[in-house]
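Enquirer: Below is one structure. I have some questions about it.
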């Protein structure tokens, strides 16, 4: 029998967590680094630089414009490939916004509760997406994690940090990452979610989630199945790899624009 005090991963219920969600390791990253870098590149076009450098600057700007999400998310350890996205360019709805009767208030912003719903939907899709990277014979078991059939996932707690008031119209992409690397004894793990605004090209909110593994047949917590641990560990390792790659690419871009600025007037 399904316990009345527990709800599945698709709800916003709270189950008492034994440990608070770990803090992100990337809190020092300037959230406006992308716009700052783009601004410096744009401004360098007005400097006295060689024609070849002008072309190179424009190439870098085009690269940033096309790959901003992969770079921004990658720096924080999120996998942003389309097949990894929980929600991909989800349209913000007019009805998602909250308005105030205060005449001095702003024109409204997305209701805070919407972010948790976005995180929940994104997490379900993120989990189901893992099936495509695992052995096909386990596909149904990945999908069953979203149901009370056997081994399932329960949201024990969620904490939301709001970054700026997102508004309509906009599109939001929701990504998840493993904060801790599960092992074969893990009966819980931690996730971090980020919601990227397409208009602002930066996070509108982040969520920190404590996920419990629950055996509905035995009515108690249970460890993850070995094939799930294997895939989650591979995902965690890929996160670390992509983070290093993104940091290297951003460092190269920052070094490039610095060189362009330093060379101005010597063309």
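In the UniProt record's numbering, the protein residues as written are 1 to 267. Heads up, the beta-carbon is just placed ideally off N, CA and C, and yes, glycines get one too.
Could you compute how far the alpha carbon of residue 155 sits from the alpha carbon of residue 259?
Expert: Near 48 Å, if we compare the C-alpha coordinates of residue 259 and residue 155.
Enquirer: For residue 208, count neighbouring C-beta atoms within 10 Å of its own C-beta (all shown protein chains included) and say buried if the count is 16 or more, exposed if not.
Expert: Label assigned to residue 208: buried.
Enquirer: Jot down the residue ranges of each uninterrupted beta strand (DSSP E) in the segment 184-213, minimum 3 residues, whole runs only, in chain order.
Expert: Correct list: 188-197.
Enquirer: Can you check which of these residues, 145, 144, 158, is closest to residue 120 by C-alpha distance?
Expert: When only C-alpha atoms are compared, the closest one is 158.
Enquirer: Which residue wins for smallest C-alpha separation from residue 110, given the options 166, 71, 62?
Expert: Taking only the C-alpha atoms, the option nearest residue 110 is 166.
Enquirer: Could you round the C-beta distance between residue 170 and residue 222 to whole angstroms and report it? I think they count as a contact, below 8 Å.
Expert: Not confirmed; about 40 Å, so no contact.
Enquirer: To the nearest angstrom, report how far apart residue 132 and residue 46 are at their CA atoms.
Expert: Their Cα atoms are separated by approximately 48 Å.
Enquirer: Excluding the five sequence neighbours on either side, which residues of its own chain have a C-beta within less than 6 Å of the C-beta of residue 118, listed in chain order?
Expert: So the list reads 174, 195, once near-sequence residues are dropped.
Enquirer: For the putative contact between residue 231 and residue 134, defined by C-beta atoms under 8 Å, what is the C-beta separation to the nearest angstrom?
Expert: Between residue 134 and residue 231 the Cβ distance is about 5 Å, and since that is below 8 Å, they are a contact.
Enquirer: Run the CB neighbour count on residue 244, radius 10 Å, all protein chains shown included, and call it buried at 16 or more, exposed below.
Expert: It counts as exposed.
Enquirer: Check residue 157 in the structure and name its three-state DSSP category.
Expert: In the structure shown, residue 157 sits in a strand (DSSP, three-state: E or B).
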